[in-house]
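Student: I'd like to ask you about the structure that follows.
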Amino acid sequence: MSTPSACPVCTLENTYQDGALFICPDCGHEWAADGAASDADEEAAPVLKDANGQILADGDSAILIKDLKVRGTVLKQGAKIKSIRLVPGDHPVDCKIDGQGYLLKAEFIKKT
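Per my numbering, residue -10 is the first one in the sequence shown, and the count goes up by one each step.
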């Protein structure tokens, strides 16, 4: 049986081994005890598609396809987004429009 190491996500040492996995009770992260990638790590990067079905990647340029009301302002249709960053969560597209940072859903942009 291997000795538990610190969690690679939260770096706390309150980990334990359960079968072939190490588990961190503080953040809930699980990883393989033998160092191999687990199924959860392989599925961590889902494929995101824009409104037209094209696959999005970090650094892509995009355009808004409809007006969006966000934080009391209106983002106009056709606004250009120079560089996007994909993040996990409900709104997976992190971008800047006119100097302001926004998290958007992929269904409201199209890749250019």
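Positions of the beta carbon are idealized from the N, C-alpha and C atoms, including for glycine.
Kindly indicate which residue of A22, K71 and G42 has the alpha-carbon position closest to the one of Q160.
Tutor: Absent from the model: residue 160. The displayed extent of the chain is -10 to 101, so no value can be given.
Student: Output yes or no for whether 8 Å exceeds the beta carbon distance between L93 and V82.
Tutor: To locate residue 93, count along the sequence shown from 1; it is residue 104. To locate residue 82, count along the sequence shown from 1; it is residue 93. Contact: yes.
Student: Going by Cα to Cα distance, which pick from L37, S(-6), A9 and A22 is closest to G78?
Tutor: Here residue 78 refers to the residue found at position 89 of the sequence shown. Considering only alpha carbons, the answer is L37.
Student: Sorry if obvious, but does the Cβ on D47 come closer than 7 Å to a heavy atom of the ligand MN?
Tutor: Among the components of this structure there are no ligands whatsoever, and the ligand MN is therefore not found.
Student: Exposed or buried, L1, counting other C-beta atoms within 10 Å across all chains shown (16 or more means buried)?
Tutor: Taking the sequence shown and counting its residues from 1, one reaches residue 1 at position 12. Burial call: exposed.
Student: Tell me the rounded alpha-carbon separation between A116 and E19.
Tutor: The chain is shown only over -10 to 101; residue 116 falls outside these bounds and no answer can be derived.
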